[in-house]
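Since the structure comes first, as structure tokens, the remarks are kept for the end.
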Amino acid sequence: MLTKVHSGLDPAPGVWWKPAHKAEKVWVGIAFAWCMVLFAMMPLWHWKGGQNPSGIRRRVDPQKFFARTVEFATQYKIGEDRGIPIVAPPAGAEVYLTGMTYQWYPILQLQAGATYRLHMSSLDFNHGFSLYPMNVNFQVVPGYDYALQVTPTAAGDFRIICNEFCGIGHHTMVGRVIVVDGAGKPLADNAHAVIRDREAK
Ligand code: CUA
């Protein structure tokens with residue numbers, strides 16, 4: 000005798016017209032309430048959480064933005080790391096950072112506690128600004144100048160990792176932000192160590 004098999008032609012008996020079990024209703028209620036909490040959190044977090052950047056975004060010609068970045072880098076250059084200028088703008092300055100395949104230009108040296116306006120843009124493709132090991136992420140889009148008010152809170156030698164796939168050299172697109180403490184030490188000791196360490200390799 001043939002065993003009865005459920006195939007697409009022979010639908011399994013349905014139960015969906017029967018009233019939902021109490022547990023199911025409770026879970027639907029919990030899920031709905033949670034949706035409402037998250038929905039309320041979106042605007043609340045923007046105003047209260049201080050997490051969403053309130054930057055200014057305006058259109059810019061990529062070439063002109065890069066020319067402005069080079070001008071800025073020349074003005075405040077204090078050194079060089081493998082051909083890329085290390086630039087130390089004064090507190091309150093307009094700071095420029097350009098992403099391009101496959102580098103971040105220039106290397107910024109900022110003071111902890113000082114406030115700057117950081118302009119970011121790209122010369123060619125979409126890049127992603129990811130400040131490591133801090134959890135700071137921004138899209139860097141060609142044609143847009145994204146200006147952010149920034150105040151570094153901790154001294155250190157940080158890395159900018161490109162987190163947006165931009166081409167064959169994407170994984171090598173690593174930049175630097177050096178934050179010195181208020182005493183104005185030119186470079187944190189660990190920064191020297193990192194440079195030495197990399198040059199030795
Ligand atoms: Cu730039 Cu990936």
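Residue numbers (numbering that gives the first Met the number 0): 0 to 200. Backbone N, C-alpha and C fix where the C-beta goes; we use that ideal spot for every residue, glycine too.
For residue i: DSSP bridge partner residues
i: Y104; result: T97
i: H118; result: Y95 and A146
i: V135; result: L130
i: Q110; result: V179
i: V86; result: K76 and L107
i: I55; result: A146
i: G155; result: V178
Contact test: residue i Cβ vs the ligand FAD heavy atom, cutoff 7 Å
i: Y143; result: This structure simply doesn't include the ligand FAD; it includes the ligand CUA instead.
Backbone secondary structure at residue i - three-state DSSP
i: L8; result: coil
i: H20; result: coil
i: V140; result: coil
i: I29; result: helix
i: C161; result: strand
i: V173; result: strand
i: G48; result: helix
i: F124; result: coil
i: R67; result: helix
i: V201; result: In this structure the chain extends from 0 to 200, so residue 201 is not present and cannot be described.
i: A192; result: Note that A192 scores 41 on pLDDT, short of 50, meaning its location in the model is unreliable; the coordinates nonetheless yield the value given after this. Helix at A192.
For residue j and residue i, believed in contact at Cβ under 8 Å, the rounded distance
i: F137; j: F128; result: 4 Å
i: E79; j: R116; result: The pair is not a contact, with the Cβ atoms about 24 Å apart (cut-off 8 Å).
i: V139; j: H126; result: 4 Å
i: V176; j: F157; result: 5 Å
i: V59; j: S120; result: 6 Å
i: Y75; j: A87; result: 6 Å
Of the listed residues the options, nearest to residue i (C-alpha basis)
i: L122; options: W103, E93, F38 and G48; result: W103
i: G82; options: R58, P105, N134 and P88; result: P105
i: I159; options: C165, L130 and G48; result: L130
i: P132; options: A19, Y101, A153 and F38; result: A153
i: H170; options: V25, M99, F71 and Y145; result: M99
i: R67; options: L43, G54, T97 and P84; result: T97
Residue i Cβ short of 7 Å to the ligand CUA heavy atom set
i: M172; result: yes
i: C161; result: yes
i: F64; result: no
i: Y131; result: no
i: F164; result: yes
i: Y101; result: yes
i: G98; result: yes
i: H126; result: yes
i: H20; result: no
i: H45; result: no
i: H169; result: yes
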